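Chains as they are written, first to last, in this note's numbering: chain V, 1 to 213; chain A, 1001 to 1213; chain D, 2001 to 2263.
Structure representation (structure tokens):
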């Protein structure tokens, strides 16, 4: 306790009060990716601190809370209270990058919606495997739009609210056009000789949203 | 029938007592490095829980501790107390050095959002180099906002929750000095005398600055 | 750039003025554009930005541009555009207003320039205050040990907006660079050759020259002959692999013979 002289021999300064030491241990254990040993706590805290004592205080403070201070071998860590484990299911989601085919297909749908399968294939220049559209549908990033009023009445695809949410967009219209992509350095190429930059950008933007013109 | 009817319509079971709810919120937030939205907390907790109320209790409990409960936009997270940063050399992440242009651009977006590229250039008096916006997008500190309803319909930029989280802001309204800046009229869009407001927003910089394209 | 130098400019000390101008030239790379340079000049007046003498600032700027021209220093176009605009502003400020001429007055333009400078300075100050805040990963820290309690593994696919835009950019630029359209006229595919040889294999009881197998119309034109030969050779190898054909070549560059394999 602060009134007691610190037991350390060679400290030039008085050790921080035990309440402060407790805060320090709390912060270190919180931020650390692994359990931390008492010796390391002492090494990281200012001279004269007593991590073991601070740990004892801290453990009492977290008794009965949603997280607990637990000993792992020689080290200490915060862990979820065992009775609340059922809340943690969402933390174990395995995140994978979308395949190149899927991201390209998604980009085409976002920029050209509503768009048919045949149009996607034409733009990408390769045929679309079944799994790609299925995957995007399953992710609920795309959905079926109106059927196109052309022979065969093909279905079209459009992006969903979930898509906008995931990519932090307010509407698909807010996606930057080709010209803007180029300006921001995302599109490094020069246009092919003979094509106007404006034609390209406007062409793409024009097709993109039917209600825009 | 519970004495106090819960506000939820179709809950078959009584909601857990508020102390339990507080423990649940504590456990969920401790388990996640990223801020968790109130809506998600409610979705993960048993039916009838009120995460917002539990959060208020929890915030009081952690006042003055080594870790603090902080609000980030619509979400909440535990963060170590800033005065203990000196203990965390091991956890410190080297943040990519931002150029002066990038820092100023970030500030302009934060204080003027939603803001177009042309407006950023008008304020800085210099055209934006290619990588600057790109770098801020990659850090996920800015994102696209709605397109401006002016000729050319330019995209706008706004700051993200990641930005708020990084700079320890509860919301964009808490930007330092925002009120004073607003009161002094320095955040108004004031066109050059003799030019139309539309021209400015569209990206024509009047006589002053070179057009980018 | 030494701010004191500018105080002396204000005091009309010719030697210091020259030094100040030279210092500006040396440091021109350090400026983020003409507005930034004007802000430096304005600060040199050591007064509230709302009370600066725009005229004096314009004169300093124009003097600097003249100096740079005399020293044959290349200046970016926006510095010259600003110089032209300031020259225009100066004339508006100095000449009595012409009632026949409409458009903004010199005072209005000067006030707008002062506003721009004040706003730029305010944004500079704001960005400094922003960067001085406690920052995540530097001053405050996130939970280091995120917990995985249950073994339920749900795969979630993710992609960033940047991925999306780069993918789109990639597709759109690929068209720009499409090298040429292949002339399908003179292409004989291995699949076609394989199909054709399978149908004819029964007739090749004894060694026959592969070149004799080329289809009608593919033997004379060199481009078509090469394509058909390559396709049939590849198809032969495939059939050898499948065990339905034998293949031999007596010598380097000698004719290639094939025959149906007998079991």
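Heads up, the beta-carbon is just placed ideally off N, CA and C, and yes, glycines get one too.
This structure is a prediction, so every number in the text was calculated from the model and none was measured.
Helix, strand or coil at residue i according to DSSP, with G and I counted as helix
i, result
"residue 2073 (chain D)", "coil"
"residue 1158 (chain A)", "strand"
"residue 1143 (chain A)", "strand"
"residue 69 (chain V)", "strand"
"residue 1113 (chain A)", "coil"
"residue 2249 (chain D)", "strand"
"residue 2257 (chain D)", "strand"
"residue 2160 (chain D)", "coil"
"residue 1075 (chain A)", "strand"
"residue 20 (chain V)", "helix"
"residue 1090 (chain A)", "coil"
"residue 30 (chain V)", "helix"
"residue 2229 (chain D)", "helix"
"residue 2136 (chain D)", "strand"
Inter-residue Cα distance where the pair is residue i and residue j
i, j, result
"residue 2261 (chain D)", "residue 2195 (chain D)", "17 angstroms"
"residue 232 (chain V)", "residue 17 (chain V)", "Only positions 1 to 213 of chain V appear in the structure, and residue 232 (chain V) is not among them; the question remains open."
"residue 1172 (chain A)", "residue 2161 (chain D)", "22 angstroms"
"residue 2124 (chain D)", "residue 1137 (chain A)", "21 angstroms"
"residue 130 (chain V)", "residue 139 (chain V)", "15 angstroms"
"residue 1101 (chain A)", "residue 76 (chain V)", "44 angstroms"
"residue 1021 (chain A)", "residue 87 (chain V)", "11 angstroms"
"residue 1142 (chain A)", "residue 168 (chain V)", "10 angstroms"
"residue 57 (chain V)", "residue 51 (chain V)", "10 angstroms"
"residue 2199 (chain D)", "residue 2213 (chain D)", "12 angstroms"
"residue 2234 (chain D)", "residue 126 (chain V)", "25 angstroms"
"residue 103 (chain V)", "residue 1184 (chain A)", "46 angstroms"
"residue 2131 (chain D)", "residue 2097 (chain D)", "46 angstroms"
"residue 2145 (chain D)", "residue 2163 (chain D)", "28 angstroms"
"residue 2136 (chain D)", "residue 1024 (chain A)", "25 angstroms"
"residue 1068 (chain A)", "residue 2082 (chain D)", "50 angstroms"
"residue 95 (chain V)", "residue 1092 (chain A)", "25 angstroms"
"residue 1032 (chain A)", "residue 2143 (chain D)", "7 angstroms"
"residue 2051 (chain D)", "residue 2116 (chain D)", "13 angstroms"
"residue 1108 (chain A)", "residue 55 (chain V)", "45 angstroms"
"residue 1124 (chain A)", "residue 1110 (chain A)", "14 angstroms"
Residue i: CB within 7 angstroms of a non-hydrogen atom of the ligand SAM
i, result
"residue 43 (chain V)", "This structure lacks the ligand SAM, and indeed carries no ligand of any kind."
Cβ distance (whole Å) where residue i is taken to contact residue j below 8 angstroms
i, j, result
"residue 2109 (chain D)", "residue 1154 (chain A)", "With 8 angstroms as the limit, residue 2109 (chain D) and residue 1154 (chain A) do not qualify as a contact, their Cβ atoms being about 25 angstroms apart."
"residue 2231 (chain D)", "residue 2188 (chain D)", "4 angstroms"
"residue 84 (chain V)", "residue 1027 (chain A)", "4 angstroms"
"residue 2049 (chain D)", "residue 2118 (chain D)", "4 angstroms"
"residue 1145 (chain A)", "residue 1158 (chain A)", "4 angstroms"
"residue 2210 (chain D)", "residue 2256 (chain D)", "4 angstroms"
"residue 2080 (chain D)", "residue 2062 (chain D)", "Contact flag wrong, Cβ pair sits at about 11 angstroms."
Same chain only: Cβ atoms within 6 angstroms of residue i, ignoring 5 sequence neighbours per side
i, result
"residue 2250 (chain D)", "none"
"residue 2246 (chain D)", "2259, 2261"
"residue 2031 (chain D)", "2037"
"residue 1147 (chain A)", "1153, 1155"
"residue 1037 (chain A)", "1074, 1075"
"residue 114 (chain V)", "145, 156, 158"
"residue 2240 (chain D)", "2247"
"residue 1081 (chain A)", "1066, 1068"
Cβ shell of residue i (< 7 angstroms), same chain only, five flanking positions each side left out
i, result
"residue 1053 (chain A)", "1018"
"residue 2139 (chain D)", "none"
"residue 1212 (chain A)", "The pLDDT assigned to residue 1212 (chain A) is 33, lower than 50, so where the model puts this residue is not dependable, and the model offers no usable value."
"residue 1994 (chain D)", "The requested residue 1994 (chain D) does not occur in the structure, where chain D is confined to residues 2001 to 2263."
Close beta carbons around residue i, own chain, < 8 angstroms, minus the five adjacent residues each side
i, result
"residue 70 (chain V)", "76, 77, 78, 79"
"residue 2113 (chain D)", "2038, 2054, 2089"
"residue 2092 (chain D)", "2105, 2106, 2109"
"residue 132 (chain V)", "99, 101, 102, 105"
"residue 2201 (chain D)", "2239, 2244, 2245, 2260"
"residue 1160 (chain A)", "1140, 1141, 1142, 1143"
"residue 2057 (chain D)", "2038, 2041, 2042, 2045"
Along the segment 1088-1119 of chain A, where does the CB come closer than 9 angstroms to a CB of chain V? Name the residues. Answer set for the segment 1088-1119 of chain A: 1088, 1089, 1090, 1091, 1117.
Residues within the segment 2100-2115 of chain D neighbouring chain A, beta-carbon criterion of under 7 angstroms: Within the segment 2100-2115 of chain D, those residues whose Cβ lies closer than 7 angstroms to any Cβ of chain A are, in chain order, 2103, 2104, 2108, 2109, 2112, 2115.
Please list, in chain order, the residues of the segment 1135-1148 of chain A that have any C-beta partner in chain V closer than 9 angstroms. Contacts with chain V (Cβ-Cβ distance below 9 angstroms) from the segment 1135-1148 of chain A involve 1137, 1140, 1143, 1144, 1145, 1146, 1147, listed in chain order.
Note down, in chain order, all residues in the segment 2110-2144 of chain D with a beta-carbon under 8 angstroms from any beta-carbon belonging to chain V. The residues in question are 2141, 2142, 2143, 2144.
Output needed in chain order: residues of the segment 152-171 of chain V with a Cβ under 9 angstroms from some Cβ in chain A. Per Cβ criterion, the list reads 167, 168, 169, 170, 171.
Short-range partners of chain D found in the segment 33-45 of chain V, where Cβ spacing is below 9 angstroms: Of all residues in the segment 33-45 of chain V, only 33, 34, 35 come within less than 9 angstroms of chain D when Cβ atoms are compared, listed by chain position.
Residues in the segment 60-83 of chain V having any Cβ partner in chain A nearer than 7 angstroms: For the segment 60-83 of chain V, the set of positions with a beta-carbon nearer than 7 angstroms to some beta-carbon of chain A reads 65, 66, 67, 78, 80, 81 in chain order.
Interface positions of the segment 2029-2052 of chain D facing chain A (Cβ-Cβ less than 7 angstroms), listed along the chain: Under the 7 angstroms Cβ criterion, the segment 2029-2052 of chain D contributes 2032, 2033, 2034, 2035, 2036.
Taking a Cβ distance cut-off of 8 angstroms, strictly less, list which residues of the segment 17-28 of chain V are near chain A, in chain order. Listed by position along the chain: 22, 23, 24, 25, 26, 27, 28.
Taking a Cβ distance cut-off of 7 angstroms, strictly less, list which residues of the segment 2076-2087 of chain D are near chain V, in chain order. Result list empty, no residue passes.
Determine which residues of the segment 2188-2221 of chain D have a Cβ less than 9 angstroms from any Cβ of chain V, and write them out in chain order. Cβ contacts with chain V come from no residue of the segment 2188-2221 of chain D.
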